[in-house]
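Using our numbering, you'd call the opening residue of the sequence shown number 5 and step up by one each time. Just so you know, even glycine gets a beta-carbon here, dropped at the ideal spot from N, CA and C. Following: one structure in structure tokens, then a few remarks.
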Amino acid sequence: MKKTITLLLLIGSILSCTKESTPLSVTSPNGSNSINFHLSEDGSPYYFVNHNNKIVIDSSSMGFDFKDQNALKSNLNIINSTAKTVNETWEMPWGEQKEVVNHYNELVVELEEAVAPNRKLNIYFRAYNDGIGFRYEFMQQHGIDSIIILDENTEFQLTEDYTSWWIPGDWDIYEHLYNTTKISEIDAISKRNNADLKQTYIPENAVNTPVTMRGEDGLHLSFHEANLTDYAGMTLKVDNESLLLTSELVGSGRSGYKVKRELPFKTPWRTVQIADKASELIESKLIVNLNEPNKLGDVSWFEPKKYVGIWWEMHLGKSTWDYAGSQDMGTFTEDVKPTGKHGATTENTKRYIDFASENNIKGVLVEGWNTGWEHWVGFEDREGVFDFITPYPDYDLEGLNKYAKEKGVEIIMHHETSAAPRTYEQQLDTAYQLMNKLGIHSVKTGYVGKIIPKGEYHHGQWMVNHYRKVLETAAKYNVAINAHEPIKATGLRRTYPNAISREGLRGQEFNAWSADGGNPAEHLPIVAFTRMLAGPIDFTPGVFDIELPTKENNRVSTTIAQQLALYVVIYSPVQMASDLPENYENQPALQFIRDVGVDWDQTKVLNGEVGDYVTIARKERKTGNWFIGGITDENAREITIGFDFLDDGTDYEAIIYKDAEDAHYKNNPTAIAIENINIDKGSTLTVPMAEGGGFAISLIKKNN
């Protein structure tokens, strides 16, 4: 292999840049995926991708536009290339599975301009059995220490008009409903005006990643990026006629460019997950494998957990974040008189701690505990609003922390920045020192609103670097980050395992207050094959009061059985029982939430189709018990499960939580049936799912 490549390079290196070069290629270990690279007659770089000898990405160009430099897209020569194979197994400190195989073949192509200033560019190609990735490396330039990128022009030339599941290429949020259209029918611009999402900016007909698509023959592709470091997030611009996707980096209205970097540096990986069936996309570990190994070492100070919290009651209108309880956006002073609607009180927090302690739930999130909520949204000047160490007068932070620990529960801190990251950065060390002192090891961060300073966006380079600074600072104090309104997940949890979860999608809260009535039944069967491919999701499942009586025009479009299934289907190492404690009273289905794991030894995707249904089985690390979740869209289905994945010679007590015969997500969502049976390896079981329904199964090892 290496000798062949070396020969090709010798041939390529003596060819003039006006003559097309002999292509170089790299193939995945099992031979299913290959990347071919060549230069055109004018020295322009192109690549294409094969899957099982079929072209899935046709000849696609690569190039960059710069400020104060000529574009880098032609007049290139191949001056060298190298190839290598890596086959290693690494261990997730927490995750969907304990061991991850990282097996790939790599080709590195070294390019140099044939004309002055003779700039050098390396391209790294990696071929995996579950997809491909490539990235660029900018080398040192004589007399230049940094470059400013105006545009990255990486193309992905599709070979058919795929059915695609997409959200618009928003520079601020990912909280959109997914659209299901052909590539030729994508119209992201028309989605920019959403009453619930006023901070959006969508300058092109582009889509956010991951974007997943299915071909006529059942082939699935999902486009994303890995290791987003000191660079702008990538959206994909869509040419409806030519079926061409082109990288469109998130920019900055303040600086006027996309990326500024000191030389030398490497870009994020551009990734394509490739699967013959949808279920293989979820099992892929391409994104995390394209990140660097763990830099933090031992992170046993963080333990995956279920949690409850003072959160959902605000969305239901029962209580408020601010101390006065009016949410009138006034200014907090010590003489403010509370109305009794403030949620984060000492008394109310104790109620949640007690509930958690009684139900095998190890965390309690408290929102609205710190000063600043009177003036946090709707104002242009939000700098200096929040204080991340000072509680309201009715919240005893240290007393509650002690009370929680006595009950075997850990407080989860909450830091809402109101999208004023400079204010947050000024307090990072102080806030995390406080957490470290109290033995609080995780925090939910938030970035609601337009970014301050004006002109920056949530997904631009400036904010990408802010999110990284938060992660690295938190690690110094043994703090894990669950980011809301985040930058996209790109597998950095491998490198920084304190990046435990994030939002980055249209979550459960939209069911409580969105103008369109909430998330449709197809939403989560799409999310499992799109957003979840990027990494863990803090979706906050577990709503039992489905019809939301305090919200006349809103409801949750699932059954209770599906809410249970989400603890297995939608992966996160922190899983919320999001409903109010009183709504779980006298509910037998709560037992599944008590039992279900959050940290897994193995994951098996048993079946699924994007936007329709999915069934996932996961084996808990500490106990060896298995849990299964299945969800469907607005269509009723029957799913047959084969239990060949279970351990040999082990009997399990199966507790099955399924939709009752008359269940329906619209008119009878709380109808649930629970039964116990014995299961062992080789057993089969057929489970019905109602419209908008699902099922959850606990497989508890019996004493042998």
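Original post:
Which residues bound the beta strand (DSSP E) around Arg139?
Top reply: Gly135 to Phe142
Subject >> Buried or exposed by the 16-neighbour rule on C-beta atoms within 10 Å, applied to Ser304 >> reply: exposed
**OP:** Below 6 angstroms CB to CB, which residues in the same chain sit around Trp175 once its five sequence neighbours on both sides are set aside?
**Re:** Tyr205, Val254, Tyr461 and His463
**OP:** Could you say which of Phe647, Glu657, Asp648 and Gly698 lies nearest to Val618 if we only look at CA atoms?
**Re:** Gly698
Original post:
Quick one: what does DSSP say Ser188 is sitting in, helix, strand or coil?
Top reply: helix
Original post:
Considering only residues of the same chain and omitting the five flanking positions on each side of Trp380, which have a CB-CB separation below 6 angstroms?
Top reply: Val389 and Ser422
Original post:
Rounded to a whole number of angstroms, what is the C-alpha to C-alpha distance between Val112 and Ile148?
Top reply: 24 angstroms
Original post:
Nearest-angstrom Cα distance between Gly612 and Ile190?
Top reply: 24 angstroms
Original post:
Is the CB-CB distance between Lys195 and Ser168 below 8 angstroms?
Top reply: no
Subject >> Sub-8 angstroms separation of Pro673 and Thr534 beta-carbons >> reply: no
Original post:
How far does the alpha helix (DSSP H) with Met467 in it reach, from first residue to last?
Top reply: Gln465 to Lys480
Original post:
Does the Cβ-Cβ distance between Asn2 and Leu703 come in under 8 angstroms?
Top reply: This structure leaves residue 2 out entirely; the chain is present only between 5 and 708.
**OP:** Return helix, strand or coil for Pro540, following the three-state DSSP convention.
**Re:** coil
Original post:
Considering Asp277, what are the terminal residues of the beta strand (DSSP E) in which it resides?
Top reply: According to the sequence displayed, residue 277 carries Gln and not Asp. Looking at the DSSP string, the run of the beta strand (DSSP E) that includes Gln277 is Trp273 to Ala279.
**OP:** Could you work out which residue in Asn639, Asn133, Leu432 and Gly412 is closest to Gly35 when comparing CA atoms only?
**Re:** Asn133
Original post:
Exposed or buried, which one is Gln144 when buried takes at least 16 other CB atoms within 10 Å?
Top reply: exposed
**OP:** Pull up the distance between the alpha-carbon of Leu369 and that of Ala435, whole angstroms please.
**Re:** 16 angstroms
Subject >> Check: Pro457 C-beta below 7 angstroms from any heavy atom of the ligand MG >> reply: The ligand content of the structure shown is nil, which means the ligand MG is not present either.
**OP:** Name the two residues that bound the continuous alpha helix (DSSP H) containing Ala408.
**Re:** Leu401 to Glu410
Subject >> Buried versus exposed call for Asn482 [16 or more other C-beta atoms within 10 Å across all chains shown] >> reply: buried
**OP:** At 3 residues or longer, and completely inside the region 42 to 121: list those beta strand (DSSP E) runs for me, N to C.
**Re:** 49 to 55, 58 to 65, 68 to 70, 80 to 95 and 103 to 117
**OP:** Kindly indicate the opening and closing residues of the beta strand (DSSP E) around Pro457.
**Re:** Careful: Pro457 lies outside any beta strand (DSSP E) and carries neither H nor E.
Original post:
Taking contact to mean at least 3 C-beta pairs separated by less than 8 angstroms, is the region 465 to 481 in contact with the region 320 to 328?
Top reply: no
**OP:** Output the distance between the C-alpha atoms of Thr690 and Thr644, rounded to the nearest integer angstrom.
**Re:** 4 angstroms
Subject >> N- and C-terminal bounds of the beta strand (DSSP E) containing Pro524 >> reply: Run containing Pro524: none; DSSP gives neither H nor E here.
**OP:** Can you give me the Cβ contacts of Ser78 inside the same chain, cut-off strictly under 7 angstroms, excluding the 5 residues immediately before and after it?
**Re:** Asp46, Gly47 and Ser48
**OP:** Along the alpha helix (DSSP H) that carries Thr350, what are the first and last residues, could you check?
**Re:** Thr350 to Glu362
Original post:
Mind pulling the alpha helix (DSSP H) runs of 4 or more residues that sit fully within the region 190 to 277?
Top reply: none
Subject >> CB contact flag (Ala348, Tyr311, <8 angstroms) >> reply: no
Original post:
Which class does Ser582 belong to by DSSP, given the choice of helix, strand or coil?
Top reply: coil
Subject >> Complete beta strand (DSSP E) runs within the region 286 to 335 (minimum length 3 residues, chain order) >> reply: 309 to 314
Original post:
By DSSP, does Ala424 sit in helix, in strand, or in coil?
Top reply: coil
**OP:** Quick one: residues in its chain with C-beta nearer than 8 angstroms to the C-beta of Val572, no 5 flanking neighbours on either side, listed in chain order?
**Re:** Val600, Ile620, Ala621, Arg622, Phe631, Ile632, Gly633 and Ala700
Original post:
Which of the three DSSP states, helix, strand or coil, is assigned to Asn440?
Top reply: helix
Subject >> Whole-angstrom distance between Thr89 and Ile491, CA atom to CA atom >> reply: 32 angstroms
Original post:
Which two residues bound the contiguous alpha helix (DSSP H) that contains Arg598?
Top reply: Leu594 to Asp599
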